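Residue numbers (the numbering used here): 177 to 318.
Heads up, the beta-carbon is just placed ideally off N, CA and C, and yes, glycines get one too.
Note that the coordinates shown come from a computational prediction; the quantities given were computed from them, not determined experimentally.
For reference, the structure is listed below as structure tokens.
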Amino acid sequence: EPSCLFLVRVSQGLIHMGKGLLTLSPTHSDRALLSNVALAGLIITAFAGLDMKHTILGKYHYMLYFLFVAAQPRMLMTVDEEGKPLPVAVRVGQAVDVVGQAGRPKTITGFQTHTTPVLLSVGDRAELASEQYIPLTPVLEG
Numbered sequence: 177e178p179s180c181l182f183l184v185r186v187s188q189g190l191i192h193m194g195k196g197l198l199t200l201s202p203t204h205s206d207r208a209l210l211s212n213v214a215l216a217g218l219i220i221t222a223f224a225g226l227d228m229k230h231t232i233l234g235k236y237h238y239m240l241y242f243l244f245v246a247a248q249p250r251m252l253m254t255v256d257e258e259g260k261p262l263p264v265a266v267r268v269g270q271a272v273d274v275v276g277q278a279g280r281p282k283t284i285t286g287f288q289t290h291t292t293p294v295l296l297s298v299g300d301r302a303e304l305a306s307e308q309y310i311p312l313t314p315v316l317e318g
């Protein structure tokens, strides 16, 4: 049956999205902020799935495009001024909440040192291992 095959291919595509380098998440900035656009895209697709036969399997298959406003990269890459990849040592570990603590506390715990590019999982946070380079943003994410 072609509709079942279509849904299997869509689900396999979502599971292996970008060969594991992308994820669907409505949060950004170290999971501190919620993107209304990404959340709406996920809700629209979930709502369209309630009546699959008349929406996604019918003439509104393009509603699957709403998912990709919530797609975010899981990898951390460092580049130089010209945009060329630059291997940099980073520490990757579990994120620790340091709001309101005095000084400059460690933001990760149980870290491992890797060389970029690095694949970050859900609860991971990265920081530069040395002071050789200065990050442009305080949050290192995909």
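It is roughly 28 Å from the alpha-carbon of His192 to the alpha-carbon of Ile284. According to DSSP, Asp206 shares a beta bridge with no other residue. For the pair Leu262 and Leu316, the CB atoms are not nearer than the 7 Å cut-off. Residue environment: Leu243 is assigned as buried (16 or more neighbouring CB atoms within 10 Å of its CB, all protein chains considered). Selection Ala246, Glu177 and Gly259 evaluated against Val213 yields Ala246 as nearest (Cα-Cα).
Gln288 is bridged by DSSP to Val268. For a cut-off of 8 Å, the C-beta gap from Ala271 to Asp300 is around 7 Å, short enough to register as a contact. Going by beta carbons, Arg267 and Ala208 fall outside the 7 Å limit. The DSSP-derived three-state label of Arg185 is helix.
When the beta-carbon positions are compared, Thr221 and Leu210 stay at least 7 Å from each other. By the Cβ neighbour-count rule, Ile310 is exposed, with fewer than 16 other Cβ atoms within 10 Å of its own. Per DSSP, Leu215 is one residue of the alpha helix (DSSP H) stretching across Asn212 to Ala224.
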